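Accompanying notes for the structure given below.
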Amino acid sequence: MDGKTWLKVAIFLCLVAFSTSRELNVKAKNKHHAAIYNHTLATILVEYASAVYVSDLTELFTWTCSRCNDLTKGFQIIELIVDVQRCLQAYVGVAQNLNAIVIAFRGTQESSLQNWIEDLYWKQLDIDYPGVEGAMVRVHHGFYSSYHNTTIRPGVLNAVKRAKELYGDIQIIVTGHSMGGAMAAFCALDLRVHLGCQNISVMTFGQPRIGNAAFASYYSKRVPNTIRVTNGHDIVPHLPPYYRYFPQKTYRHFPREVWLYDLGFGSLVYTVEKVCDNSGEDPSCSRSVSGNSISDHLRYYGVKLACDVSAGCRIVMDNGLAAYRTLDSDGNVIFSRDISSSVLRMNVESSEEGRSV
Ligand SMILES: *[C@@H]1O[C@H](CO)[C@@H](O)[C@H](O)[C@H]1NC(C)=O
Ligand SMILES: *[C@@H]1O[C@H](CO)[C@@H](O)[C@H](O)[C@H]1NC(C)=O
Ligand SMILES: *[C@@H]1O[C@H](CO)[C@@H](O)[C@H](O)[C@H]1NC(C)=O
1 MDGKTWLKVA IFLCLVAFST SRELNVKAKN KHHAAIYNHT LATILVEYAS AVYVSDLTEL
61 FTWTCSRCND LTKGFQIIEL IVDVQRCLQA YVGVAQNLNA IVIAFRGTQE SSLQNWIEDL
121 YWKQLDIDYP GVEGAMVRVH HGFYSSYHNT TIRPGVLNAV KRAKELYGDI QIIVTGHSMG
181 GAMAAFCALD LRVHLGCQNI SVMTFGQPRI GNAAFASYYS KRVPNTIRVT NGHDIVPHLP
241 PYYRYFPQKT YRHFPREVWL YDLGFGSLVY TVEKVCDNSG EDPSCSRSVS GNSISDHLRY
301 YGVKLACDVS AGCRIVMDNG LAAYRTLDSD GNVIFSRDIS SSVLRMNVES SEEGRSV
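Numbering (the UniProt record's numbering), first residue to last: 1 to 357.
Here's what the structure looks like:
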């Protein structure tokens, strides 16, 4: 190695040392709080959040899509819910390797992302979160009703009830990207408050703000085990805006943010994963930079979080799926599978695989 390379390596090592020690400090300071960031789990969950964008419903329902092939292998969908009019998609299933029920929500289509982002700048807190007396707990009406006032909620609750009958009180992990992250948070709160689920964790990617300070505190008391991953200059976590001079009046994030950002230069760039403070609005995390990137919004941990075809809200399915399908009067589709038998099938399949290898 020549002198220059040595210098680069030395600088790189300093950066690594500096950032790891800083992260350790942060972790130690916050050790009393429930939400613990687990990198391995994040890299798994981001694949679930990516797969829910798949528009070929046959590949998705049978978990054979190209995005279903890596760290999420063996996942069994119990219920896949598609709200055709509003272009919403969610699934509930069982991940045996995580020993958990996984619920994932899709975000806005890439083709309408620009408009959606522009709208978010001006969005007011426009609905009281129901069931809370006294405190002005307000949220974003659009996000709230995407989960609560569509075919998504009954589909998800039904699947969770069925899974719990079979598996008992196993962990429930709720995830989603972008608006799907907002829906994931409303879903987790719903499961906690209305279904009495105890064992819920949430990890969202590039999630917008969804409620005011009173909501953030209401939420985090009930779903403390929540990680909100933000990436570089991703614009969406900056929206709708937070005005620190009017902290009670405006939108506010709930904790705990984990901010991914690149450090270094040239060929020596690596990603820091900064575990942020418990305020939800840590000024030294994503708020320390301007939110000006859409491309940072569409890729987390190197995984694409958008549809493959940006041709709007298209769905594809073949007739093989008809046996699992129910349609409601609005044309929404739910694919549902009897899990007690599919669990058996899964075990048979995996042992056959073992033999043929
Ligand atoms: C992180 O998550 C992975 C995957 O669920 C798990 O195997 C591992 O034990 C977890 N690590 C810690 C320190 O909890
Ligand atoms: C739910 O949807 C119905 C019909 O689309 C609408 O009339 C109602 O106002 C909505 N409620 C909320 C709380 O958004
Ligand atoms: C939560 O889920 C984990 C994993 O399934 C399980 O080991 C644990 O007992 C559950 N905890 C509670 C309080 O139900």
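The C-beta atom is built at its ideal place from N, Cα and C for all residues, glycine as well. All values reported here derive from a predicted model rather than from experimental measurement.
| Check | Outcome |
| --- | --- |
| Does the count of Cβ pairs from the segment 195-203 and the segment 224-233 closer than 8 Å reach three? | yes |
| Going along the chain, which unbroken runs of the alpha helix (DSSP H) with 4 or more residues stay wholly within the segment 26-106? | 39-51 and 57-61 |
| Measuring CB to CB, does Val-272 end up less than 8 Å from Asp-56? | no |
| May I ask you to verify whether the segment 280-293 touches the segment 234-253, counting CB pairs closer than 8 Å and requiring at least 3? | yes |
| For Gly-320, count the other beta carbons within 10 Å of its own beta carbon; 16 or more makes it buried, fewer makes it exposed. Which is it? | exposed |
| Do Ala-182 and Pro-208 have their CB atoms nearer than 8 Å? | yes |
| Would you call residue 362 buried or exposed, if buried means 16 or more other Cβ atoms sit within 10 Å of its Cβ? | A query on residue 362 cannot be resolved here, the shown segment of the chain reaching from 1 to 357 and no further. |
| I'd like the span of the beta strand (DSSP E) that includes Phe-335, first residue to last. | 333-336 |
| Please report the distance separating the alpha-carbon of Ser-340 from that of Leu-260. | 40 Å |
| Tell me which residues share the same chain as Ile-334 and place their Cβ nearer than 6 Å to its Cβ, disregarding the 5 neighbours each side in the sequence. | Ile-81, Gly-155 and Thr-326 |
| Quick one: grab the DSSP three-state call for Met-203. | strand |
| Taking the alpha-carbon of Asp-330 as reference, which of Ile-152, Thr-108, Val-309 and Leu-45 has the nearest alpha-carbon? | Ile-152 |
| I need the boundaries of the beta strand (DSSP E) containing Gly-176, first residue and last residue. | 171-177 |
| For Tyr-147, would you say it is in contact with chain B, using Cβ-to-Cβ distances shorter than 8 Å as the test? | In the structure shown, chain B does not exist; there is a single protein chain. |
| Could you tell me whether the Cβ atoms of Ile-78 and Arg-162 are closer together than 8 Å? | yes |
| If I measure Cβ to Cβ from Val-54 and keep anything under 7 Å in the same chain, skipping five residues before and after, which residues do I get? | Leu-60, Cys-65 and Arg-67 |
| Look at Tyr-270 and Ala-42 and say whether their C-beta atoms are less than 8 Å apart. | no |
| Is Glu-23 helix, strand or coil when you go by DSSP? | In this prediction, Glu-23 scores a pLDDT of 38, lower than 50, which makes its location untrustworthy; no coordinate-derived value is stated. |
| Mind checking which residues open and close the alpha helix (DSSP H) that includes Asp-262? | It is not in any alpha helix (DSSP H) - Asp-262 instead sits in the beta strand (DSSP E) that spans 257-263. |
| How would you label Leu-45, buried or exposed, when you count the other beta carbons within 10 angstroms and need 16 or more for buried? | buried |
| Can you tell me where the alpha helix (DSSP H) holding Arg-162 begins and where it ends? | 152-167 |
| Where do the N-terminal and C-terminal ends of the beta strand (DSSP E) with Glu-118 fall, by residue? | Run containing Glu-118: none in the beta strand (DSSP E); it sits in the alpha helix (DSSP H), 113-121. |
| Going by other Cβ atoms of all chains shown within 10 Å of its Cβ, with 16 needed for buried, is Arg-314 buried or exposed? | exposed |
| Give the range of the beta strand (DSSP E) segment to which Tyr-270 is assigned. | 270-275 |
| Quick one, which of Arg-299, Gln-76, Tyr-91 and Asp-119 has its alpha-carbon nearest Asn-99's? | Gln-76 |
| Starting from Arg-209, trace the beta strand (DSSP E) both ways and give me its first and last residue. | It is not in any beta strand (DSSP E) - Arg-209 carries neither H nor E in the DSSP assignment. |
| Should Ile-44 be counted as a contact of ligand 1 given a C-beta to heavy atom distance under 7 Å? | yes |
| For Asp-328, I'd like the list of residues in its chain whose CB is within less than 7 Å of its CB, leaving aside the five on either flank, ordered along the chain. | Thr-151 |
| May I have all residues whose beta carbon comes closer than 5 Å to any heavy atom of ligand 1, sorted in chain order? | Asn-38, Thr-40 and Leu-41 |
| Which whole-angstrom value describes the C-beta separation of Gly-93 and Val-102, a residue pair presumed to lie in contact below a C-beta threshold of 8 Å? | 6 Å |
| Please classify Thr-108: is it buried, with 16 or more other beta-carbons within 10 angstroms of its beta-carbon, or exposed? | buried |
| Going by DSSP, what residues sit across from Tyr-300 in a beta bridge? | Val-303 |
| The beta strand (DSSP E) that contains Arg-325, what's its start and end? | 325-327 |
| Using the C-alpha atoms, what's the distance from Lys-164 back to Lys-27? | Caution applies to Lys-27, whose pLDDT of 40 falls short of 50 and renders its modelled position unreliable; the model cannot decide the point. |
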